[in-house]
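575 is the number that the working numbering gives to position 416 of the sequence shown; each next residue is one higher, with no gaps.
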Amino acid sequence: MDRHESFWIGTSDSPSFPTLDHDVQVDVAVVGAGIVGAMAATFLKQAGKTVAVIEAARVLQGVTGHTTAKVTSLHTLIYDDLINRFGEDKARLYAESNQAAIGIIAQLCEERGLECELTETSAYTYTVKDDYVAKIEQEVTAAQRLGLPAGYHDEVALPYPVKAAVGFAKQLEFHPRKFLAPLLSAIPGDGSHVFEGARVIDIEEGSPCRVSTRGGHTVTADDVVVATNIPIINKGLFFARAEPSRGYALAMDVPEERVPDGMFINVGAPTHSVRRAPFGDRTVLILAGEGHHTGEGGNHREHWDRLEAWARKDLGATEVAYRWSTQDYYSLDRVPFIGRMTPGASHLYTATGFSAWGMTNGVVAGRLLADLVTDTPNAWAELYDPNRINVKSLPSFVRKGGHDAKRLVGDRLKSGFDADQPNAVAAGAGAVFDVNGDKVAVHRDDEGALHAVSATCTHLGCIVSWNDAERSWDCPCHGSRFSATGAVLQGPAATPLEPREI
Ligand SMILES: Cc1cc2nc3c(=O)[nH]c(=O)nc-3n(C[C@H](O)[C@H](O)[C@H](O)COP(=O)(O)OP(=O)(O)OC[C@H]3O[C@@H](n4cnc5c(N)ncnc54)[C@H](O)[C@@H]3O)c2cc1C
Ligand code: FES
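Pasting the structure below:
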């Protein structure tokens, strides 16, 4: 029987930190302990700042604990597109900053003796279809122009033929929690802290800034870094500039002689991302893909089934050891938003929109945010400025606005919903009902008890839908997720779904 748990969480110890049971004052409050929070806190402490990392749940159990952890600047196909959208100078900054992140990770591992299964390898984006060959050729040309270690390949170390591939040499793979946990453990002391179980519900910018938590305690700080994957406050409207997409992952056994040498991702849909990882005395394949807009996945479990069937057929994978799923936000102009939250915000910073490439972009974010807070010049700032406007990307913003408006208004007017009677909801299932105009989300647990909560998302009021793979209520507008009983799992929402009687 496979484990429904992230491979990375299942194969590493979880460091634990105290809850916030008193008010605290520091130089910088860092909200969220994923790769961005951990890296920002590390660099800020190195720069002599006192920091408080405030985590709603447990550290490194968000997206960072559920990634596939390829550490590469080869982000499927991006460089030809970036040159077209932003020009060559900015595309080069993207390339250089992500390559620099690889170097930062390697350097930290060496300096601090981090044992995180760090392995140098090549990364490939390939196609099995003639249609994408020209795009691969353009990407190789663009990447080489930007100084990246890129080459063209017509075969790669996969057990099926490819038409073309772009490969980057000297990239890395690692165990993300084994890399980041020691960094977080080094934060407490000399006026700095890490807190778990402290959900932030409000952030007030001022002198000082005030960060309020659900438990009633406050952190005051000169500056606040909001590192919650998508900001949990609406300043800057990042939820309208980045799209949430869920992806599915498996760790699968494969005969040793069939383990492919390198990290691979294909162009086009469905995406299949492949790497390997040590697991005890053997090696497993880490597979991810089958992405879809959050809240719109249909029968979610089928995504795992399709991924597994593909890995068995094309890679010779055998048993599933771990299965998990997660989501990330895709920036509409393809470049993450890293910096001051709004043009007028001088003490509020954030980072989001990593488009499923946050291992390097998260390190870029940590470095850049620490430099901005400490007024240290950083050449990457203008590219990642959250307040930029990229005219060539406007059609994507219009499409997203249309999608969200349709979900917000259309779903409210819809009647009938998922089933006729709450009593008809099967064990383990969930459905939304219209009860005299009030949309109610009903779940039946394995013991047969019904749980009813408002189906209206506490972020901006869209109607949530049932995710049968994770047993959660997911919002199709901006990706907030709630447990079967309404607790917040993922932002931008910060407050639970209201209980309902049925
Ligand atoms: C399927 C998939 C595969 C991926 N594979 C790769 C890959 O191979 N390589 C790569 O580079 N990238 C990959 N990524 C992307 C990468 O994993 C993410 O971009 C990155 O982990 C995001 O880190 P983060 O710090 O922004 O978010 P998180 O790790 O989610 O950290 C945010 C933290 O904030 C906390 N938080 C949220 N709300 C609050 C609140 N109100 N108060 C306090 N704390 C709060 C959360 O609990 C969480 O711990 C993948 C993404 C997906 C979806
Ligand atoms: S996440 Fe914005 S309305 Fe639900």
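Backbone N, C-alpha and C fix where the C-beta goes; we use that ideal spot for every residue, glycine too.
The structure presented is a predicted model; accordingly, all values stated were derived computationally and were not measured.
Same chain, Cβ closer than 7 Å to residue i, neighbours up to 5 away in sequence not counted
| i | result |
| --- | --- |
| Leu317 | Pro419, Phe423 |
| Trp469 | His431 |
| Pro177 | Phe354 |
| Ala386 | Val189, Val190, Gly191, Gly193, Val195, Gly196, Ala199, Ala510 |
| Lys662 | The chain is shown from 160 up to 661; residue 662 falls before or after that span and cannot be answered. |
Nonlocal neighbours in the same chain, by C-beta distance under 6 Å from residue i, ignoring five residues either side
| i | result |
| --- | --- |
| Thr278 | Glu332 |
| Ile622 | Asp570, Lys598, Ala614 |
| His312 | Ala324, Gly326 |
| Thr377 | Asp182, Arg369, Ser371 |
| Ala410 | Phe166, Val443, Ile445, Ala480, Tyr481 |
| Trp516 | His234 |
| Thr746 | Nothing about residue 746 can be reported from this structure: the residues present for the chain run from 160 to 661 only. |
| Gly589 | His602, Trp625 |
| Gly645 | Val612, Pro655, Leu656 |
| Cys268 | Leu277 |
| Leu619 | none |
| Thr617 | Ala652, Thr654 |
| Asp186 | Lys208, Thr209, Asp381 |
| Thr477 | Asp412 |
Opening and closing residue of the beta strand (DSSP E) in which residue i lies
| i | result |
| --- | --- |
| His431 | 431 to 438 |
| Gln486 | 479 to 490 |
| Glu449 | 441 to 452 |
| Asn425 | 422 to 425 |
| Leu609 | 609 to 613 |
| Ser514 | Per DSSP, Ser514 belongs to no beta strand (DSSP E) and is neither H nor E. |
| Ser624 | 624 to 626 |
Start and end residues, alpha helix (DSSP H) containing residue i
| i | result |
| --- | --- |
| Cys268 | 247 to 271 |
| Tyr407 | Run containing Tyr407: none in the alpha helix (DSSP H); it sits in the beta strand (DSSP E), 401 to 412. |
| Thr300 | 292 to 304 |
| Phe166 | 166 to 169 |
| Glu541 | 540 to 543 |
| Gln220 | From DSSP, Gln220 is part of no alpha helix (DSSP H); its letter is neither H nor E. |
| Trp469 | 460 to 469 |
| Asn520 | 517 to 532 |
| Thr201 | 194 to 205 |
| Ser555 | 553 to 564 |
Sheet register partners of residue i (DSSP bridge)
| i | result |
| --- | --- |
| Gly498 | Thr509 |
| Phe354 | Ile213 |
| Tyr311 | Val325 |
| Asp597 | Val594 |
| Phe641 | Trp632, Val647 |
| Asp382 | Val187 |
| Gly348 | Ser351 |
| Cys319 | As written in the sequence, residue 319 is Tyr, which differs from the Cys given in the question. Answer by DSSP bridge pairing: none, since Tyr319 is not bridged. |
| Ile362 | Val370 |
| Gln330 | Thr280 |
| Thr286 | Ala323 |
| Pro658 | Val612 |
| Thr377 | Ser371 |
| Val584 | The partner list for Val584 (beta bridge, DSSP) is empty, contrary to what the question assumes. |
| Val418 | In the DSSP output, where bridge partners are listed per residue, Val418 has none listed. |
| Arg603 | Leu609 |
| Val230 | Leu331 |
| His181 | According to DSSP, which records beta bridges pairwise, His181 is partnered with nothing at all. |
| His163 | Arg482 |
| Gly395 | Answer by DSSP bridge pairing: none, since Gly395 is not bridged. |
| Gly589 | His602 |
Cut-off 8 Å between Cβ atoms - residues of its own chain near residue i, not counting five sequence neighbours on either side
| i | result |
| --- | --- |
| Pro536 | Asp530 |
| Thr286 | Val292, Lys294, Ile295, Val321, Lys322, Ala323, Ala324, Asn425, Val426, Gly427 |
| Ser490 | Arg400, Ala401, Phe496, Thr511, Gly512, Phe513, Ser514 |
> Does the count of Cβ pairs from the segment 386 to 405 and the segment 252 to 265 closer than 8 Å reach three?
Replying inline: No, because fewer than three Cβ pairs between the segment 386 to 405 and the segment 252 to 265 fall closer than 8 Å, the two stretches do not touch.
>> Beta-carbon distances below 6 Å to any heavy atom of ligand 2 define the shell here; list its residues in chain order, please.
In response: For ligand 2, the selected residues are Phe398, Cys616, His618, Leu619, Gly620, Cys621, Cys634, Cys636, His637, Gly638, Ser639, Pro651, Ala652.
>> Using 8 Å as the cut-off, can you tell me whether the segment 293 to 307 makes contact with the segment 242 to 255, which would need three or more C-beta pairs spanning the two stretches below that distance?
In response: These segments touch.
> Are the segment 166 to 174 and the segment 328 to 346 touching by the rule of at least three beta carbon pairs closer than 8 Å?
Replying inline: Contact between the segment 166 to 174 and the segment 328 to 346 is present, with at least three C-beta pairs closer than 8 Å.
> Just checking, does the segment 184 to 204 make contact with the segment 517 to 531 on the three C-beta pairs under 8 Å criterion?
Replying inline: Flag = yes, the segment 184 to 204 and the segment 517 to 531 touch.
> Would you call the segment 623 to 636 and the segment 446 to 456 in contact, with 3 or more CB pairs under 8 Å?
Replying inline: Yes, they touch.
> Is it a yes or a no for the segment 227 to 247 touching the segment 383 to 394, going by three-plus beta-carbon pairs under 8 Å?
Replying inline: Per the Cβ contact rule, the segment 227 to 247 is not in contact with the segment 383 to 394 (fewer than 3 Cβ pairs under 8 Å).
> Do three or more CB pairs link the segment 354 to 363 to the segment 210 to 223 at distances below 8 Å?
Replying inline: Judged by Cβ distances under 8 Å, the segment 354 to 363 makes contact with the segment 210 to 223, as three or more pairs qualify.
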